[in-house]
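Protein chains in written order, with our numbering: chain A, 1 to 666; chain B, 1001 to 1186. No residue lacks a Cβ here, since even glycine has one placed at the ideal position from N, Cα and C.
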């Protein structure tokens, strides 16, 4: 009897419970507030923040997604950039890469602006990027946008040949814990940890730590002998994002890092033997802190303001550099009468340099600081709404080095059908001289020439009246999605350069037993480059995706009389490059991904020839469970080793290598 | 609750313990913490609001006033719609149906395809062929692909894009109030 009662009461209880739950949901204050709002309060009447569809952009833009970075097995940003047609990526030692767009891939390559979440990582010291100081948690990168061609009005000076924008995910998109460990034959180990949480319904954060150590490359032509270029990094950082109901967004982030890199350097002297190979373990460190505020002014306008402070310190044999930069930027975006999208902004940047030289590299003007004031405006006018757009804009800068710079640009985009875009652009762009081009006294080389009694010491001297390099660029592009599963993107460019930096030969004079031969940095180069980039994407089947890319760069550069040559031959940059990439989803949660690259030879004057090479990278991954993934990656599978870039004193050989990775998300 | 339980019977120690666990278990699961993301709540609110601003073709008016919302989406979206259904039960009867594996259901008043839906989406052409079904999505470019209404997330709000000519052809009638606040009307 009791048992039956028990059973009935249980049934009664359960029925009572379920019925009750059905009619009274647990209160949700946020949801109730949303439901109480009038529909107009939840709507925007115009899309003011011009987040253009990629297929509508009037520039040669290529996007590397988070999935691409993972499936190509990239463990660093430069490695992920190899896939982009129009970029030349070459690894020249274990911790060094040269990345350039549309030619000009000298080690001091300086015509590409690189940003991480809006923070410039381009150093004003030598006008390039120390890629080994740009470490990010690749898992939390949302995408890398690469624009080949002048960054035009929006990016200003130093975005001459292109812009690379590394964008990380918002904190709300990186919630929970992520742990990963990678072990490898050359990249010995890489440990990553990230935790994302929320302070309240509107405030999200993440913290991360990353630590890795990579081994040496080997020396070309030295029978397998190891180079001295191993390196390691330890880095930690955070990010906080707030989205308040009053349409304000705040982002606050920071990173700090330390590490070492082994260095082999050829130090020049004026006495025999004239150059000594020295080695040292160098210390690197740095950090940054950034804040950004985005505010919706109205349905048709929003503004954003950003400020950051960045510092890096690199201690190498011939010089020590410690640079602190402060950058403040403001931008306002307004949609006027539905057909005009107007963007304008202003910015200020201040670089404090602290450069210490050595006997062979002197910085005559110590602690010179550098500031840039800039403003820009741009309007995109819809001549025919949704079909024909004309953009006109310009960036204006005043910098403490070259004074006023103006960079106007105009673009036209035509969509004859919803699946095609044809665009064209003409832009003027400049590259402002770097600190060392202005402030330098470096012993480049001491040589003995038969017939001349004294050794000749070639000194490279900075020039404080150096002008900016100038580029006028003409571009044309065509994008089409002929069928749902295929998309093609093509662009062609013609660039006319003037005032390219090279050296002006001075008058030799006797000094302390040597013949001092000064070469003063000057703007003696000019000429044209042209080329073409194409990429195709094909979803062959729902589980198989193919991507192919091809690029061509031709150079026709000259120098004024009495000035030193640039690397002007066609072979100074790889003329032809192509890549084919395959993503294949297999049963049992397996992924098999392969990328094949072809890079044509490089022949630079006075340096070793780098032959053409094919490179195959492969990855096999297994999603063991929803949060756990294991993968093995093989790099350079086709050859035991190859060189990618001629470097002094040592050209490094990049070897075939393997990695094994396990990651855990919860 | 507790009171009812005590009145019914007086169980022994063991059974009381078992029941207690059962009881707690039930309560814990029937009243979950509502942790869904805001965007799904806003989308669900829009779908609910559309019922007031759009008139369905006469022969497809809800039978006995029940409006059927069929959704290809994730748990969060379904939970948000379910919340509205239970909250607004006095004002309007809703039937929320979650469609899996690209299955096509007939007699849906609204069909919503979420861009976060991880399964195979049914071909748009088949959905457009269903009479009296309003096809809405937040997939970018949905209107270009032939959809009826597209929602675009813009910060804390959404932009509505309406293919009014398609809606008229299909027998729907959109209130001018909605057309006025829409970001794009074709």
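- Looking at the DSSP output, residue 269/A shares a beta bridge with no other residue.
- The C-alpha of residue 512/A lies about 14 Å from the C-alpha of residue 274/A.
- Under the Cβ criterion of 8 Å, residue 31/A is counted among the residues facing chain B.
- Between residue 1135/B and residue 385/A, the alpha-carbon positions lie close to 25 Å from each other.
- A Cβ of chain B is located within less than 8 Å of the beta carbon of residue 43/A.
- Taking a Cβ-Cβ cut-off of 9 Å, the neighbours of residue 34/A in chain B comprise 1038, 1041, 1042, 1044, 1045, given in sequence order.
- A contact between stretches requires three or more CB pairs, one per stretch, nearer than 8 Å, and the stretch 305 to 320 of chain A meets this requirement with the stretch 280 to 288 of chain A.
- Note that the stretch 124 to 136 of chain A touches the stretch 70 to 89 of chain A; at least 3 beta-carbon pairs, one per stretch, sit closer than 8 Å.
- Within the stretch 1147 to 1167 of chain B, the residues whose Cβ lies closer than 8 Å to some Cβ of chain A are 1152, 1154, 1155, 1156, 1157, 1158, 1159, 1160, listed in chain order.
- Here DSSP, grouped into helix, strand and coil, assigns residue 129/A to coil.
- Per DSSP, residue 172/A is not a residue of any alpha helix (DSSP H), being assigned neither H nor E.
- The C-beta distance from residue 552/A to residue 527/A rounds to 17 Å, too long to fall under 8 Å, and the pair is not in contact.
- Spanning the alpha carbons of residue 480/A and residue 1128/B requires a straight line of approximately 26 Å.
- In this structure residue 505/A is in contact with residue 562/A, their Cβ atoms being roughly 6 Å apart against a cut-off of 8 Å.
- Assigned with DSSP and collapsed to three states, residue 286/A falls in strand.
- Boundaries of the alpha helix (DSSP H) harbouring residue 435/A: 435 to 438, taken from the DSSP string.
- Contact between residue 535/A and residue 549/A holds: their C-beta atoms lie close to 4 Å from each other, under 8 Å.
- Going by beta carbons, residue 610/A and residue 649/A fall outside the 8 Å limit.
- For residue 1145/B, the CB contacts under 7 Å within the same chain, skipping 5 residues up- and downstream, are 1124 in chain order.
- Beta-carbon to beta-carbon, residue 1094/B and residue 1067/B are separated by about 5 Å, close enough to satisfy the 8 Å threshold.
- For residue 1169/B, the enclosing alpha helix (DSSP H) begins and ends at 1164 to 1169.
- In this structure, DSSP gives residue 432/A a state outside helix and strand, which the three-state scheme calls coil.
- Per DSSP, the unbroken beta strand (DSSP E) holding residue 592/A starts and ends at 590 to 599.
- When C-alpha distances from residue 364/A are compared across 39/A, 581/A, 57/A, 460/A, the shortest belongs to 460/A.
- The C-beta separation of residue 617/A from residue 634/A comes to about 7 Å, placing the pair in contact by the 8 Å criterion.
- When secondary structure is reduced to three states using DSSP, residue 255/A falls in the strand class.
- Think of a sphere of 7 Å around the beta carbon of residue 1049/B: the chain A residues whose beta carbon falls inside it are 39, in chain order.
- Rounded to the nearest angstrom, the Cβ distance from residue 164/A to residue 112/A is 7 Å, consistent with a contact under 8 Å.
- Excluding residues up to 5 positions away in sequence, 492, 552 lie with their Cβ nearer than 6 Å to the Cβ of residue 532/A in the same chain.
- The continuous stretches of beta strand (DSSP E) do not include residue 565/A, and DSSP gives it neither H nor E.
- Nearest C-alpha to residue 1172/B among 1142/B, 1057/B, 1109/B, 1120/B: 1057/B.
- Residue 1087/B belongs to the set of residues whose beta carbon lies under 8 Å from a beta carbon in chain A.
- At a cut-off of 8 Å between beta carbons, residue 418/A contacts chain B.
- Here the stretch 137 to 145 of chain A makes no contact with the stretch 89 to 107 of chain A; the two share fewer than three CB pairs at distances below 8 Å.
- For the stretch 234 to 262 of chain A, the beta-carbon criterion of a distance under 8 Å to any beta-carbon of chain B is satisfied by 243, 245, 247, 249.
- The beta carbon of residue 1110/B does not come within 8 Å of any beta carbon belonging to chain A, so the residue lies off that interface.
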